[in-house]
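Input: a single structure, listed below in structure tokens.
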Amino acid sequence: MVSKRLQNVPASGTVKIANLVSQMKADGVDIVSFSMGEPDFATPENIVESCVESVRSGFTHYTPSMGITPLRKAIAAEAVSKGIPCKASNVLVTPTKQAIFMIALAYLDPGDEVLLPDPAWVSYEAVVRLAGAEPVYINTKFDDGFVVDPADVEAAITPRTKMLIMNSPSNPTGCVQPESVLREISKICADRGVRVMSDEIYEHIIYGGKHFPMASFEGAFDNTFTVSGLSKTYAMTGWRIGWVIAPEEDIRAINKLQTHSITCCTSFVQTAAVEAMNGPQDSRCRMVAEFKRRRDLALDLINDIPGLECCKPDGAFYLFPKYEKDIKSTDLAEHLLQKGHVAVTPGRAFGPAGEGFFRISYATSESQIIEGFSRIKKSLSQL
Ligand SMILES: Cc1ncc(COP(=O)(O)O)c(C=O)c1O
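Position in the sequence shown counted from 1, then plus 457, gives you our numbering.
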């Protein structure tokens, strides 16, 4: 029997589709996949080389649990350049998902409430529940471009509210929350004693607009955990490296969990991370430019499909189209997969407000995007 803690975690809304995809692929079916939340590019060569050199030089043992100093310094320097008043001692190096997990374990108790935008990335709810706390969704609307209304945040706060999780640019909507909204939410939380966890993992995948780190707002640093990482920015999902930036006493608390769980991040991956952050940034810029081209292409293709409507997102690599047909998003995703051989993620997986939507990841080639949307168009017309 698994623990009560784990029993409280809902099965992922994407499992059924993921299982079907594997089954169909194993049967030799050609599937266009729009379900992967990771760049299809190779990790830039300078980063790979630096890792290989590090391994060859024998840098293959434990590192300090908070991370190697050059990396903590590089992360702090980048944060300072974005207006976050931080030092290397405010940085703990850990995979981004692990950062979110450790913050939840370190700061949430049974009975606490955690505010989350709806829709939101699937793992927040799971992590909150694992920590024994309760997720409380803040509804956002397609017509508002999924921008969070600070008044809704204020209204949702109760004496049990311990934390608010923000994610801009957002997975699954791609929405970049306006500065004024983030600033207001940050102030509300600070005034009401609610800690903020700001997941900024898509901070560099942004088109046109600007990213505003929540910890950069006046007086916000002491109340904010900033989590981010290299997975999406440098096509490094398999390297498992990211960080949390927070006040020193919080870093010390989170480090307790780090030392008793993963000990430290992989040594030579940390060397490569220093190269990623301090080395040439041209491949990162090329990837972002390519994502922007793909977003525009995918939006054009969506607009050509009757019964679909989509906001134009300013960041991340997701589109979250709304569909007209009266069918549950899990059933729609199953239909698209079985009839059209195209994999999308049902909107409901991201929270109640995701019903009536599906998520497309356009981190795939132009030819796959064209083929995938042609399949979606055809199979939607068969419903
Ligand atoms: C919003 C968001 N936060 C965090 C993560 C986790 O990142 P990582 O795989 O680098 O731990 C993801 C990955 O999909 C994500 O979409």
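All C-beta atoms, glycine included, are put in the ideal place defined by N, C-alpha and C. Keep in mind the model is a prediction, meaning the values are calculated, not measured.
Residues bridged to residue i (per DSSP)
i, result
"LEU572", "VAL593, LEU621"
"TRP700", "VAL550, SER685"
"SER490", "ALA800"
"ARG816", "THR802"
"LEU756", "In DSSP, LEU756 forms no bridge with anything."
"TYR775", "SER818"
"TYR780", "LEU765"
For residue j and residue i, believed in contact at Cβ under 8 Å, the rounded distance
i, j, result
"ASN712", "MET523", "6 Å"
"SER507", "THR802", "About 34 Å separates the two Cβ atoms, so there is no contact after all."
"TYR780", "LEU789", "7 Å"
"MET620", "SER643", "Wrong, their Cβ atoms sit about 13 Å apart, outside the cutoff."
"PRO501", "TYR691", "6 Å"
"PRO556", "TRP700", "Reading off the sequence shown, one finds Ala at residue 556, where the question assumed Pro. With a Cβ gap of about 7 Å, ALA556 and TRP700 count as contacting."
"SER673", "ILE541", "5 Å"
"VAL745", "HIS661", "7 Å"
"ILE833", "GLY797", "6 Å"
"PRO496", "ALA820", "5 Å"
"MET623", "ASP656", "7 Å"
"GLY494", "ILE663", "Actually they do not touch by this definition, with Cβ atoms about 16 Å apart."
"LEU572", "ALA613", "6 Å"
"VAL605", "VAL638", "6 Å"
"ILE698", "LEU687", "5 Å"
"ASP707", "PHE682", "7 Å"
"ASP575", "ALA730", "Between ALA730 and ASP575 the Cβ distance is about 33 Å, and since that is not below 8 Å, they are no contact."
"GLY808", "ALA577", "6 Å"
Minimum C-alpha distance to residue i - residue among the options
i, options, result
"TYR775", "VAL633, GLY650, SER786, PHE725", "VAL633"
"THR597", "VAL610, ALA590, VAL585", "VAL610"
"VAL489", "ASP788, VAL799, ILE504", "VAL799"
"GLY829", "GLY804, ILE762, ASP788, ILE784", "ILE762"
"THR526", "VAL512, VAL537, ASN547, VAL509", "ASN547"
"THR630", "ALA545, PHE814, ILE595", "PHE814"
"PRO607", "ALA577, ALA730, ASP575, ARG640", "ARG640"
"GLU823", "ASP753, VAL604, SER637", "ASP753"
"CYS721", "LYS482, GLY515, ARG529", "ARG529"
"LEU837", "PRO809, ASN628, PRO778, ARG805", "PRO778"
"ALA733", "GLY772, LYS689, LYS769", "LYS689"
"THR553", "ARG513, VAL512, SER492, TYR581", "TYR581"
"ALA475", "MET693, ALA806, THR694", "ALA806"
"LYS544", "LYS482, ALA703, LYS667, ALA499", "ALA703"
"ASP566", "ALA577, ARG586, ASP575", "ARG586"
"GLY665", "PRO770, VAL537, ALA534", "PRO770"
"ALA588", "PHE599, GLU570, PHE603, VAL579", "GLU570"
"TYR564", "VAL651, SER625, PHE498, LYS461", "VAL651"
"LEU562", "GLN738, SER818, ALA710", "ALA710"
"VAL512", "ASP783, GLN738, PHE491, THR723", "THR723"
"GLU812", "GLN795, LYS785, SER831", "LYS785"
Beta carbon proximity, residue i to chain D, threshold 9 Å
i, result
"PHE516", "Absent from the structure is chain D; it holds one protein chain and no more."
beta-carbon residue i near ligand 3 non-hydrogen atom, thresh 8 Å
i, result
"THR597", "For ligand 3, the structure offers nothing, since it holds only ligand 1."
Segments assigned alpha helix (DSSP H), at least 4 residues, entirely inside the stretch 600-633:
607-613
In chain order, what residues have a CB nearer than 6 Å to some heavy atom of ligand 1?
GLY494, PRO552, THR553, LYS554, TRP578, ASN624, ASN628, ASP656, ILE658, GLY686, SER688, THR694, GLY699
Note down, one range per segment and in chain order, each beta strand (DSSP E) of at least 3 residues found wholly within the stretch 641-686.
652-656, 681-686
If you scan the stretch 496-542 from start to end, which runs of the alpha helix (DSSP H) of 4 or more residues do you find wholly inside it?
502-513, 526-538
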